[in-house]
Amino acid sequence: MTKITSSIIGERLPKLDAPSKALGEATYGHDVRLPGMLQGRILYSDYPSARIINIDITRAIKVTGVKAILTAEDNPPTRFGYGKDNTPFKGQVVRSMRDEVAGVVAVDQYAAEEALSLIKVDYEPLLSIFTAKAAMEEGAPLIHPEHGSNLFHAYNYNHGDIEKGLAESDVVVETSFRLPYVSHACMETSVIIAQFDHRGQLTLWSTTQIPSLLQRDLSEALGIPGNKIRIIQTTIGGAFGRGLDIYPYEPIAALMALKVGKPVRIAFSRQEEFLAAPVRQPVEVSVRAGANQAGILTFRDVNATLDIGAYVSWGSVTPLVMMETTASLYRIPHVNFKADCVYTNNPVTGAVRGYGNPQSTFFVETVMDQLAVELDIDPVEFRLRNSNLPNTETPQGLIITSCGMQECLEAVFARADKESDAKNHIYKDLNLRNKGIHDSTKDNYLKRGIGFATTLNVGGGARIYRSDGCGATVKVDDFGHVTLITGATEIGQGSETVLAQIVAKTLGVKFGDVAVINSDTDVKPWDVGVHASRTTFIAGNAARIASLDARDQIFETAAEILETNPSELVSREGLIMIRENEQRSESLERVVRRRHFQEGGKVVIGEGWYDPPTEQVDKNTYKGNISAAYGFGAQMAEVEVDIETGMVRVIRLVCANDVGLAINPMAVEGQIEGGAQMGLGYALTEELIVKDGEVLNPHFSDYRLFTSADMPDIETIIVETDDPEGPFGAKGVGEMGGTPTAAAIANAVFDAVGVRITELPITPERLLAALDNN
Amino acid sequence: MKPFEHHSPNSLEQAFDLITQDDNNSYYYAGGTDINLQLKSGILAAESLISLKNLSELKGIEYKENNGLKLGALTTLRELQRTKTIYNHYPALSQAAGLMASEQIRSFATLGGNLCNAAPSADLAPPLIALGAIATISSKFGEHKVPIEDFFLGPGETVLEEGEILMQITVPPPNGETLFIKHTPRMFMDISVVCIAIRLLMNNGICNEIRIALGAVAPVPLRAVNAEAELAAQPFSSNNISRAAQIAAEECSPINDIRGTAAYRRRMIEVLVRRGLSSLNENYSKV
Ligand SMILES: Cc1cc2nc3c(=O)[nH]c(=O)nc-3n(C[C@H](O)[C@H](O)[C@H](O)COP(=O)(O)OP(=O)(O)OC[C@H]3O[C@@H](n4cnc5c(N)ncnc54)[C@H](O)[C@@H]3O)c2cc1C
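Structure follows, in structure tokens:
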């Protein structure tokens, strides 16, 4: 017998889908072509708020190649969306510049575009509201009169007693923050293809993250029963939360397909993506917090206002996550958290990776740093003293089991302590940019600093919907080939790979023998969606349960062949053997065939369903254990600030994350590095500039993502705490890479130059202004 | 974008014939990296596009010690960045090209396109102005020459008349030390918030020739003549360097846009000109 060398779990296996993506074989949404397929385009509003007086399509409909023009007259009578405040096309009024006014179906983009330019819409502009503050004023026009108020929802959380906390405080700090709009900036723009067949069955090729919920949402939006809707997920070129909701273009594509009787594709241009895809909501927050002389936190009091734009999406429940950071990041006895989600005539907002956590971690961790300074305690020491601990319950009701927060902090601190080679990096960078500049005064204007921040994230699902479950089926065929059919969705995060590892290990087959099917609602079982860093944990547990079920079936037959008890059997690399006598074995495929090809035979199909032991938070108190595990992390940023230009360069970013167990360390590193890239952009360069309801920089030249050239060295440290509930001890890691980054950088800037930047991104101009004021 | 005709003339004559004097809807193009965006966004509606790529008269890089550098208008940014002679003798020009856009864009984008597109932020303009480069322009009716510093009339506007083609750029032999600084939030793939180029010739510690050119701080790339005058025929000191930097900041007339406020741009000109002058001065004091 060959010696088994591979353990599969914990191996640095390359992603299953990487070669097909690198070679151009993968079929993205933009690659899908169906026979007779037509192109759909959307006409958006010219005003952030206006009454539609008339829509004249007489010239547009005459354009050669135009098949149909749709308006609100084509809307089904129902409304859709999280707040039930949206319709595909807008009929009487438009409430934002992304409002869909009409749609053209044509044989190609040229005809569609020409027709768009010929649709004549008469508007009567109305008073517009561009700030949450203006929206909340007495007598402000109502964006959705039927809602009765521009305040969509007010969150109000409390534990302990703020007054008591205040009385116990030796130091108190109070700071206000402003956080910007940011875009997912997916490499692949939004795209959908809709087709009705002769039975009236609607099939959608989509890049959604929530196939099961989208079925339900579309059923509601279109007035079609859910069993008539099939969603096929193409290879997805970036999601980051963009696909967590239903958006008008999706029912619009279906309405178009219905109207013309042909498949219709809507594919956003890059500009349209920036203008019409949802964005992270801007937040204004004031934070007050205190600590005592011993360096122990006493209270935290947060007041936030979120501008959710003209329609509600799931993104407006991000205060639930902000609340979690506020109430449960560090042990803290007295907490208030208030958040108002307010309608305005600004772009509609949604959920972006981190789901509120990058925002709240920024303000909470900045204030932590301020307290440490006030107390004159080392910021790492201060954090350690207040750190979350294993096997504790927070006053909010989070049951923390595994917790490596202190290990993470100590790990990044250890890297900071050592004399780094950072100096070389910065000069390497500067040389690239300004070759030949040898300025001896450099030391006068380049200032160095380091900063820290930690993060707390759900790591075992998040029950924000009544089920947080995922289904899985494991099928083993006559050749020993294993197929996992999972409800989970691959969005580039590597879930296919990790789930295949879990199945291979549990079933005892080679990693390469497992294929993953995860893209068709006609095939795959229910899953709530890919969000909340939940897939490895939830879908992983489901896959494990299904694999165990399949293994039981295999062992039952193998025991007959090997004349032993199933409990005596083990399996590895496609061989079933007797534990005490591994020489006696049978191959998986022979076992499966034996089971199959006999009278009364059966095929091997294992089933799994995992819904974690958690609860939705209480509707009034917002307390409850929302996740079955919590992930922790810490980051250390080292920056160099040019005090004359205001430029901040991140030289190093050290990221430590408690992931329970790294099923695939390479994939974990990828998630952390990718998260850090988004965190760096959030901290320093990314901002969708919105003025009077209009996006001013809808292109990559002025919406500045960190490019590979801008990336500092990211050092990742994996901390393993062996979570009791996670598959093989694993917890989620999908969002943690980016949540503490902005705070770590802002704290490092303070360390370097002594000013607190409380408005993101930290642009050179903002920093220079802060230095001037100092 | 609307459909348009496309021509690829193989001779200059053909190219000239394809655009008549009062033709407003035909455009020459080279790499297409600017015009493509303008067409897509609808800023430009072209009926026909005329590729200059087959015209051998617009090609070639030639360096002679006595005559300097001749660059065909079709020279790509990548060639500017990677050609050894350019890199060795005109480092500021090579660096400016190397800091533009991305490897992919640099392989398409041309010198002629960057100048003719006439963005106030065109990165090649300041080094070429500092180097005293000259443009050769041709049309059916003949040829004429214009210094790059007089080439620009306003954003998107140059001295080129309808039907004229920018043929070549000539750069005088290297004379002194040059430097280019580009100020952008990102390392690459970013349009200059401001940029500067300086050429300095020192003789025995005295400033013999100085040219300071500024980008993205006026409707056209600008020469800071008053700042130059402040330094002419003098030894450098931290005092006159600072003064010249201040004067340069006063000479420009930047605007507010999403890439930066006017005040910030002005301030950056002062910082960068000061740093640039100090650095060049230090280079001289080392030899
Ligand atoms: C992603 C990206 C990044 C960029 N980054 C930068 C940057 O950092 N700095 C910067 O300055 N620019 C940048 N640009 C702009 C652009 O790439 C450059 O200006 C480039 O040099 C243009 O050259 P081209 O050959 O592509 O021009 P084209 O698009 O072919 O032409 C531009 C204009 O010049 C005219 N034209 C071209 N050649 C001639 C000629 N020989 N005679 C007469 N008219 C002519 C055309 O009619 C057109 O109006 C960037 C562009 C992109 C897309």
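So the sequence lines, in the order shown, correspond to chains Y and P. Per this note's numbering, residue 371 is the first one in the first sequence, and the count goes up by one each step. Per this note's numbering, residue 45 is the first one in the second sequence, and the count goes up by one each step. The beta-carbon is built from N, C-alpha and C at its ideal position, and this holds for glycine as well. Just so you know, these numbers come straight off a predicted model, no measurement behind them.
Spell out whether any CB of chain P is found under 8 Å from the CB atom of residue i.
| i | result |
| --- | --- |
| residue 1014/Y | yes |
| residue 652/Y | no |
| residue 808/Y | Note that residue 808/Y has pLDDT 48, beneath the 50 cutoff, so the model's placement of it is unreliable and the number below is only indicative. For residue 808/Y, the answer is yes, since a Cβ of chain P falls inside 8 Å of its Cβ. |
| residue 1117/Y | no |
| residue 1067/Y | yes |
| residue 1077/Y | yes |
| residue 1071/Y | yes |
| residue 1059/Y | yes |
Leaving out five residues on either side along the sequence, give the residues of the same chain with a beta carbon under 7 Å from the beta carbon of residue i.
| i | result |
| --- | --- |
| residue 324/P | 221, 223, 242, 244 |
| residue 1157/Y | The structure shown does not extend to residue 1157/Y, since chain Y spans only 371 to 1144, so no value can be given for it. |
| residue 888/Y | 856, 858, 859, 860, 866, 894 |
| residue 160/P | 202, 204, 210 |
| residue 815/Y | 1012, 1013, 1014 |
List the whole-angstrom C-beta distance separating residue i from residue j, where the pair is believed to meet the contact cut-off of C-beta under 8 Å.
| i | j | result |
| --- | --- | --- |
| residue 113/P | residue 134/P | 6 Å |
| residue 955/Y | residue 945/Y | 5 Å |
| residue 695/Y | residue 730/Y | 4 Å |
| residue 136/P | residue 171/P | 4 Å |
| residue 1008/Y | residue 1021/Y | 5 Å |
| residue 697/Y | residue 523/Y | With 8 Å as the limit, residue 697/Y and residue 523/Y do not qualify as a contact, their Cβ atoms being about 18 Å apart. |
| residue 468/Y | residue 646/Y | 5 Å |
| residue 217/P | residue 327/P | Going by Cβ atoms, the distance from residue 217/P to residue 327/P rounds to 19 Å, so no, they are not a contact pair. |
| residue 489/Y | residue 561/Y | Wrong, their Cβ atoms sit about 23 Å apart, outside the cutoff. |
| residue 961/Y | residue 1026/Y | The Cβ separation is near 44 Å, so there is no contact. |
| residue 648/Y | residue 608/Y | The Cβ separation is near 14 Å, so there is no contact. |
| residue 834/Y | residue 690/Y | 7 Å |
Who does residue i pair with in a DSSP beta bridge?
| i | result |
| --- | --- |
| residue 733/Y | For residue 733/Y, which the question treats as bridged, DSSP gives no partner whatsoever. |
| residue 479/Y | For residue 479/Y, which the question treats as bridged, DSSP gives no partner whatsoever. |
| residue 1129/Y | 548/Y |
| residue 304/P | 301/P |
| residue 523/Y | 711/Y |
| residue 877/Y | Answer is none; residue 877/Y lacks a bridge partner. |
| residue 71/P | 93/P |
| residue 1025/Y | 1005/Y, 1086/Y |
| residue 191/P | 178/P |
Contact criterion: CB-CB distance below 8 Å. Does residue i meet it with respect to chain Y?
| i | result |
| --- | --- |
| residue 234/P | yes |
| residue 147/P | no |
| residue 144/P | no |
| residue 46/P | yes |
| residue 305/P | yes |
| residue 230/P | yes |
| residue 133/P | no |
Taking 8 Å as the threshold (beta carbon to beta carbon), is residue i in contact with chain A?
| i | result |
| --- | --- |
| residue 824/Y | In the structure shown, chain A does not exist; the protein chains are Y and P. |
Short of 8 Å in beta carbon distance, which residues of its chain neighbour residue i, apart from the five on each side in sequence? Order them along the chain.
| i | result |
| --- | --- |
| residue 118/P | 74, 96, 97, 99, 102, 103, 154, 155, 156 |
| residue 183/P | 60, 205, 207, 208, 209 |
| residue 972/Y | 923, 965, 966 |
Check for me: the beta strand (DSSP E) holding residue i runs from which residue to which?
| i | result |
| --- | --- |
| residue 634/Y | 634-637 |
Assuming residue i is part of the alpha helix (DSSP H), what are its boundary residues?
| i | result |
| --- | --- |
| residue 617/Y | First-last for residue 617/Y: undefined, no H or E at that position. |
| residue 966/Y | 958-966 |
| residue 505/Y | 502-506 |
| residue 693/Y | 689-698 |
| residue 1052/Y | 1035-1054 |
| residue 654/Y | Careful: residue 654/Y lies outside any alpha helix (DSSP H), inside the beta strand (DSSP E) at 653-661. |
| residue 455/Y | Note, residue 455/Y: premise wrong, no alpha helix (DSSP H); not H, not E. |
| residue 773/Y | Residue 773/Y -> no alpha helix (DSSP H), and no H or E assigned at all. |
Starting from the C-beta of residue i, find all residues in its chain whose C-beta is less than 6 Å away, skip the five residues before and the five after it, and write them out in chain order.
| i | result |
| --- | --- |
| residue 821/Y | 1007, 1114, 1117, 1118, 1121 |
| residue 890/Y | 602 |
| residue 807/Y | At residue 807/Y the pLDDT is 45, less than 50, meaning the model places this residue with poor confidence and gives no usable figure here. |
| residue 389/Y | none |
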